[in-house]
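J.: Just add 2 to wherever you are in the sequence shown, counting from 1, and you've got the working numbering.
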Amino acid sequence: MISQCHLQVRTYECDSYGHVNNANYLNYLEYGRYEFLKDIGFDYPAAIKAGYGVYVARVEIDYKRAALPDDQLTIKSWPVKKGAVSGIIAQEILRGEELLVEAKVTWAFVDSRGVPAKIPPEFDRPGLKPEKP
3 MISQCHLQVR
13 TYECDSYGHV
23 NNANYLNYLE
33 YGRYEFLKDI
43 GFDYPAAIKA
53 GYGVYVARVE
63 IDYKRAALPD
73 DQLTIKSWPV
83 KKGAVSGIIA
93 QEILRGEELL
103 VEAKVTWAFV
113 DSRGVPAKIP
123 PEFDRPGLKP
133 EKP
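1) Quick check for students: name the residue ranges of the beta strand (DSSP E) that lie wholly in the segment 6-68, counting only runs of 3 or more.
2) Quick check on DSSP: helix, strand or coil for G89?
3) Who are the near neighbours of C16 in its chain, counting only those whose CB is closer than 7 Å to its CB and skipping five residues on each side?
4) Take I4 as the anchor and find which of S79, Y30, A119 and K106 has the nearest alpha-carbon.
5) Beta strand (DSSP E) containing E133: first to last residue?
6) I'd like the span of the beta strand (DSSP E) that includes E100, first residue to last.
7) Looking at the unbroken beta strand (DSSP E) that takes in P118, where does it start and where does it end?
8) Is L39 close to chain B? Criterion is C-beta to C-beta, closer than 9 Å.
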């Protein structure tokens, strides 16, 4: 399943060159992953309340094109790998059909101490696992 969400670039996210500052793409990707989790039925607030979290362990980003003020962006997110405690979500940021950013985000499920923990059944949603081709 590919989750999609949308946002509009705000002027304050842009740098002196007039395009989105590279660090702001991390916020866009975070927003996309949160929407992805909601789309697959993962209750993030309940996981936090139960003493768990989903930490980002690694982010790989390839910047292809610059986003500009007022651009309407689409963020696509989908799982590419899942283990017992961690996985990888692939993401793209597009302006229309034009690819601006490709990313792979490695995440880990953690307990209240921040230690990697096996995902309990109530949070282990099928959508975290990639679909078979």
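The beta-carbon is built from N, C-alpha and C at its ideal position, and this holds for glycine as well.
T.: Let me lay it out:
1) 55-65
2) strand
3) V22, N23 and P71
4) S79
5) Where E133 is concerned, there is no enclosing beta strand (DSSP E), given that its DSSP letter is neither H nor E.
6) E100 to V112
7) Looking at the DSSP string, P118 is not in any beta strand (DSSP E), and its letter there is neither H nor E.
8) Checking the listed chains, one finds no chain B in this structure; it contains a single protein chain.
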